[in-house]
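A.B. asks:
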Amino acid sequence: MMKFYKPLHSNEKGFTLIEVLASFVILVILLTAFFTFFIQTAKTGKNSENIVDATYIAQSEMEKAYAVSKKESNREEAIKSLGYTLEATGSEFIKTEATNTIKLKLKKNTNAPNLTNIIITVYENKEITPKAQMENVFVWK
Numbered sequence: 005m006m007k008f009y010k011p012l013h014s015n016e017k018g019f020t021l022i023e024v025l026a027s028f029v030i031l032v033i034l035l036t037a038f039f040t041f042f043i044q045t046a047k048t049g050k051n052s053e054n055i056v057d058a059t060y061i062a063q064s065e066m067e068k069a070y071a072v073s074k075k076e077s078n079r080e081e082a083i084k085s086l087g088y089t090l091e092a093t094g095s096e097f098i099k100t101e102a103t104n105t106i107k108l109k110l111k112k113n114t115n116a117p118n119l120t121n122i123i124i125t126v127y128e129n130k131e132i133t134p135k136a137q138m139e140n141v142f143v144w145k
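Going letter by letter, the sequence shown gives residues 5 to 145 in the working numbering.
#1: Runs of 4 residues minimum, wholly inside the region 32–105: which ones carry the alpha helix (DSSP H) assignment?
#2: How far does the beta strand (DSSP E) with Ala-116 in it reach, from first residue to last?
#3: In terms of alpha-carbon separation, which member of Asn-113, Ala-102, Lys-47 and Tyr-88 lies closest to Glu-139?
#4: Nearer than 8 Å: is that true of the beta carbon of Ile-61 relative to any heavy atom of the ligand NAP?
#5: From which residue to which residue does the beta strand (DSSP E) around Asn-129 run?
#6: Any idea what DSSP makes of Phe-142, helix, strand or coil?
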């Protein structure tokens, strides 16, 4: 005896509404994950670019300070000749450029009196957190 089975779905040519909605939901989840990744990558790239720029500025200022340390014996006048102004505290010099604020601090080296520690810190847009900082030790003329 032969059994005849009635197919559950007689028309298999198209997609059902549930299949379309499930595909759409999966697609939205994947796109959201990728867009989040791309946005985070762009933010990280921009932040990295700002740090590299600030490091370059700090390095340039350090080289300028080194050059005047070989020519000028008066430390304060040497730093002022680079465009810095002495802050009210009397211990730091400050210079403001287009989007950066550069602070330069001179300290006597406790181990060797003829050496001077110099610290250059670069801030972006008057932020509290520095974008770059460099420290070096110079022998003044």
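Cβ coordinates follow ideal geometry from the N, Cα and C atoms, glycine included. Small disclaimer: the values here were computed from a predicted structure and weren't measured.
C.D. replies: Per the coordinate set shown:
#1: Listed in chain order, they are 79–84.
#2: Where Ala-116 is concerned, there is no enclosing beta strand (DSSP E), given that its DSSP letter is neither H nor E.
#3: With respect to the C-alpha of Glu-139, the residue from Asn-113, Ala-102, Lys-47 and Tyr-88 having the closest C-alpha is Asn-113.
#4: You won't find the ligand NAP in this model; it holds no ligand whatsoever.
#5: Here Asn-129 belongs to no beta strand (DSSP E), and DSSP marks it neither H nor E.
#6: In the structure shown, Phe-142 adopts extended strand secondary structure according to DSSP, grouped into three states.
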